[in-house]
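In this note's numbering, each number is its position in the sequence shown, counted from 1, plus 2. Every residue, glycine too, gets a C-beta built ideally from N, C-alpha and C. No experiment lies behind these values; they were computed from the predicted model shown.
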Amino acid sequence: MSTDTQAKVALSLIRATGRTHLGNYLGAVRSFVTLDAREDVSCIFGVATLHSLTTQGDPEALRRDIRGVVLDFLAAGIDPERSVIFDQTAVPETLQLSWILSCLATAGRLERMHHWKEKKDKLADLGQAANVGLFSYPVLMAADILGPGADIVPVGEDQVQHVEFARELARRFNHQFGEYFKIPEVLEREAIRVPGLSSSGKMGKSEGEKATLYLSDSYDQQWNKVKVAPTDPARVRLKDPGDPQKCNIGGMHRILDQIGLHEAGALQWVNEGCTQATMGCFPCKKKLLDVMEEAFLRDIRERREKFAAKGDGFVDEIIAAGNQKARARIQPIVEGAMQKVGLITRWS
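This is how it looks when you write it as structure tokens:
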């Protein structure tokens with residue numbers, strides 16, 4: 003973490019709800035690594051264990067996934083000597099701040115949140131009821147952001163509304179109790195929605211093991227998933243032309259081109275090979291995986307294996323050290339907020 007007192011504080015958390023996959027990396031962790039390398043930014047990266055409880059019902063899996071997320075942070079290139087890596091649960095003051103902020107939020111505003119409406123409707127389709135944790139998720143996220151006094155919050159487009167809500171609550175608090183909280187900036191990441199290998203949905207736990215490329219997978223495991231991934235149904239035979247817009251493999255090639263990993267002309271080669279039936283799906287899939295392997299997957303895998311070989315104790319020490327740093331920063335800010343609203347934090 004930068005020692006420059008003028009450095010801006012960047013904060014982001016990832017839920018511990020399964021192994022880190024390609025969608026997580028391209029959509030979030032890749033930008034974390036970029037921020038980690040900046041001298042003018044102090045980074046705080048957390049595992050959102052409390053947020054994970056809204057959908058995670060397996061205690062053993064949660065404990066395993068906490069370490070797994072941190073391993074993936076390290077494997078991706080985040081340096082724990084430069085950035086704070088912590089467990090959200092280890093800073094109870096965040097929950098205290100969340101309650102204060104919940105008393106400034108309105109139910110009507112939360113009901114209009116895209117996240118709430120989408121999750122509630124999906125659960126309803128499954129005959130399940132949404133829990134209160136999902137409903138108040140944005141308030142806890144606001145506490146995550148305001149607690150450490152974050153200046154920058156790097157988020158994908160699906161989370162921009164939540165950061166705007168945190169900004170609203172900060173302004174409301176400042177108006178009612180006097181200027182106190184910083185108004186964080188939204189650092190909107192480039193919109194990257196990595197499709198699953200076998201459906202139109204985004205890559206993730208809900209798409210299933212066979213449709214998801216995990217950072218911890220071996221090359222052979224990844225290739226075995228990619229090579230059987232469905233493509234445009236129109237391509238029954240090699241000579242049948244296809245439409246890369248109707249193929250998730252084509253969609254992933256477009257993402258590689260968007261973020262600058264494809265060499266010049268590669269996307270055109272893929273598109274023409276598909277639409278003109280001059281290339282089969284097999285070499286198109288091989289090209290996709292090999293480009294990612296050369297650009298980042300091999301390095302991530304090798305670093306992950308190296309760190310994992312050090313054992314759980316190594317990861318636990320990093321988390322414990324990060325917890326101390328995160329709490330040392332967050333605790334006094336939250337205590338100040340408590341005093342602002344009239345709560346007595348110390349009686350002696």
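- No Cβ-Cβ contact shorter than 7 Å links Ile102 with Val35.
- The shortest C-alpha to C-alpha distance from Phe179 to any of Arg348, Ile16 and Gln341 is the one to Gln341.
- In this structure, DSSP gives Lys119 a helical state, which the three-state scheme calls helix.
- With fewer than 16 other CB atoms across the displayed protein chains lying within 10 angstroms of its CB, Gln223 is exposed.
- Straight-line measurement puts the Cα of Gly275 at about 5 Å from the Cα of Met281.
- In the DSSP annotation of this structure, the continuous segment of the beta strand (DSSP E) that includes Lys10 starts and ends at Lys10 to Arg17.
- Burial check for Lys10: the Cβ neighbour count within 10 Å reaches 16 or more, so the residue is buried.
- Taking the Cα positions, Ser33 is about 29 Å away from Glu62.
- Secondary structure at Asp89: strand, using DSSP grouped into helix, strand and coil.
- In this structure, Val336 and Gln90 do not form a Cβ contact; the two beta carbons are roughly 14 Å apart against a cut-off of 8 Å.
- Nearest to Thr56 by C-alpha distance, out of Ser85, Thr108 and Ala131, is Ala131.
- Residue range Val134 to Leu148 is occupied by the alpha helix (DSSP H) that includes Val134.
- For the pair Tyr139 and Asp242, the Cα-to-Cα distance works out to about 48 Å.
- In this structure, the beta-carbon distance from Val49 to Ala12 does not fall below 7 Å.
- Pairwise C-beta distances place the segment 210 to 223 in contact with the segment 300 to 308, as three or more of them are shorter than 8 Å.
- In the same chain as Met254, and ignoring 5 residues on each side of it, the C-beta atoms closer than 8 Å to its own belong to Val196, Pro197 and Leu290, in chain order.
- Take the alpha-carbon of Gly129 and the one of Pro232: they are about 30 Å apart.
- Here Lys119 is exposed, its C-beta having fewer than 16 other C-beta atoms within 10 Å.
- Taking each of Ala311, Ala330, Phe47 and Arg40 in turn and checking the Cα distance to Ala30, the smallest one comes out for Phe47.
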